[in-house]
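Here's the structure, in structure tokens; my notes come after.
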Amino acid sequence: MQRISIENFGPVKKFEADVTDVMLLIGPQASGKSTISKSIFIFKSIKDEILDYIYANDLTSPKPLLDLLSHLVVNFLDNFNLSLDCELFRVAYQYSPTKQIAIYKNQSKSFVIPKIKLSNILENELSLLITEILNYKIISKEQQHKFKSLEELRELESDRRLQFKNFKSRIDNIFEETHSPVFIPAGRSLMSTLTNQLQDINNPNILDYFTQSFVKRINLLKTYFTDDLNTLIQNRNIAVDLGSNLLDLLKKILKGEYRFNADIDKERIYFKNNQYVKLQYASSGQQESVWILLLIFRYILDETSVFMVFEEPEAHLYPETQSDVVELIGLLANVYNNQIIITTHSPYILSAFNNLLYAYQVGKNKIGDEKEAVESIVNSKSWIDPNRISAYFISENGYESIIDEELKLIQAEKIDSASSIINDKFNDLFNLDD
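Per numbering that gives the first Met the number 0, the very first residue in the sequence shown carries number 0; after that it's consecutive.
Here is the structure:
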């Protein structure tokens, strides 16, 4: 199992945990939940960053691996908006018992570049792959410069695509990581209210890395939804009951269907055939949730294995609807070996996950009518195996697991500690009331 270790990085003084299939992070604002989820996302994305960098650069120096590692450090600092005079820190990620990357700063001097260290086996395998790719690029460039017929050029291009796919598979195997990383940041309604302005980002530096990559993903995604959802499902070869569950949850949460049309005013949410609202005028809950719903819909239909980070999926949603979103996320977690991280402030999100955990425990050994009774309460396709989940409370004082190891549920007293404090104040006032 993969593992993350963080020391003195941003608001996180110390955090170390296995990266389970479903990982929940709850705690006050500015406690470090986002820093943890973003760190995991960066390390899971690093294989794609490596491949893109090797393909985009000639790396003519005698030690191309050092050039690559320097790029990764600079990129890491940029992604977190860190300067060279930042505090001492260490962030390490273990992909397997023998493969690890650590990025750290261990000198207090100003303007000292942080270091990066790879485990030996990972460094050796990456060096071999870099050499192979660079040699292939040289041969490919030589072939391109020769006089070729149109048919030969097509074959050359086909070979390039095939070779890139091969290298992509190779680097996935090196990192023992096959998921496509997707980050869904907080503040998603910005993409709905400013949809036209964000369609073409002339100056990407005005957005942070995570929001920028999300906007690019959304701009590609929305053009897929020119047909109604039912038509899109029928055009794909997925199980009928999975498609039905997916469609029902999307309509229930969004209270309609998203549709994109480049020829008119682009984006609408339809309630009926001829009744709609333009996306920028939809409710705040619809604007926040629409991209979560469409991304989940698309990846399930495409049968894509994803690692997906959801920041505050509860934003602007009624508690009952938050539960529906969790059921949809459970559906996503149970197909194609997908992995999920959720950062949240909402006790309703945790309570909804408890329902999925408990439904699994109650229903797994039942058959016939008894199992159907459990499924009538919670759809079995959303049940979560307790062995796949972890949950942590993050605060300025540190972190703690909030999974009850005996019950295999999230500890009830940790779910809504704020309510207890508020109720205690009310009781104190009540006792003073004449």
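We treat Cβ as the ideally placed atom computed from N, Cα and C, and that holds for glycine.
When you compare only the Cα positions, how much space is there between residue i and residue j?
i    : j    : result
K277 : Q106 : 54 Å
F209 : F296 : 21 Å
L67  : E122 : 11 Å
Q143 : I120 : 35 Å
N386 : V73  : 37 Å
K12  : E6   : 5 Å
S33  : Y223 : 29 Å
S381 : V111 : 48 Å
Y275 : L127 : 56 Å
C85  : L65  : 22 Å
E176 : D20  : 13 Å
L406 : D384 : 13 Å
R160 : E151 : 14 Å
V373 : Q279 : 40 Å
I132 : K140 : 12 Å
D77  : V181 : 19 Å
Y357 : L408 : 7 Å
L431 : N422 : 14 Å
I437 : I137 : Here the chain comprises residues numbered 0 to 433, so residue 437 is not present and cannot be evaluated.
S434 : R89  : Here the chain has residues from 0 to 433 only, and residue 434 is not among them.
F42  : Y92  : 7 Å
I401 : F174 : 30 Å
D368 : Y347 : 29 Å
I183 : V214 : 10 Å
K365 : I35  : 38 Å
L155 : T130 : 21 Å
V289 : Q338 : 20 Å
K37  : N396 : 20 Å
Y94  : K424 : 47 Å
Does DSSP classify residue i as helix, strand or coil?
i    : result
L68  : helix
Y275 : strand
F224 : coil
G284 : helix
A91  : strand
E48  : helix
S179 : strand
L431 : helix
K265 : strand
A185 : coil
N260 : strand
D423 : helix
A55  : helix
I383 : coil
L24  : strand
D403 : strand
E15  : strand
Need the endpoints of the alpha helix (DSSP H) that residue i sits in, please.
i    : result
P318 : 318 to 332
F166 : 149 to 174
V239 : 239 to 253
F352 : 346 to 362
L81  : It is not in any alpha helix (DSSP H) - L81 carries neither H nor E in the DSSP assignment.
Y135 : 119 to 144
Label residue i either buried or exposed according to how many other C-beta atoms from any shown protein chain fall within 10 Å of its C-beta, with 16 as the threshold for buried.
i    : result
D240 : exposed
R258 : buried
T342 : buried
P318 : exposed
G362 : buried
Q28  : exposed
G31  : buried
P61  : exposed
P96  : exposed
Q99  : buried
Y54  : exposed
N244 : buried
S345 : buried
G186 : exposed
If you follow the beta strand (DSSP E) that residue i is in, where does it begin and where does it stop?
i    : result
D20  : It is not in any beta strand (DSSP E) - D20 carries neither H nor E in the DSSP assignment.
L343 : The identity of residue 343 in the sequence shown is Thr, whereas the question assumes Leu. Per DSSP, T343 belongs to the beta strand (DSSP E) from 338 to 343.
S400 : 397 to 400
V308 : 305 to 310
E6   : 2 to 8
S375 : Note, S375: premise wrong, no beta strand (DSSP E); alpha helix (DSSP H) at 367 to 376.
K98  : 98 to 104
F392 : 388 to 394
Is residue i near the ligand COA, with its Cβ less than 7 Å from a heavy atom?
i    : result
N354 : Absence of the ligand COA is noted for the structure shown, with no ligands found whatsoever.
### Message
Does the contact criterion of 3 or more C-beta pairs under 8 Å hold for the stretch 46 to 56 versus the stretch 165 to 173?
### Response
yes
### Query
Okay, do the stretch 309 to 323 and the stretch 335 to 351 touch, 3+ Cβ pairs below 8 Å being the bar?
yes
### Task
Flag this pair as touching only if the stretch 262 to 271 and the stretch 299 to 307 have three or more C-beta atom pairs under 8 Å; answer yes or no.
no
### Message
For the pair the stretch 285 to 293 and the stretch 238 to 253, tell me if three or more CB-CB distances fall below 8 Å.
### Response
yes
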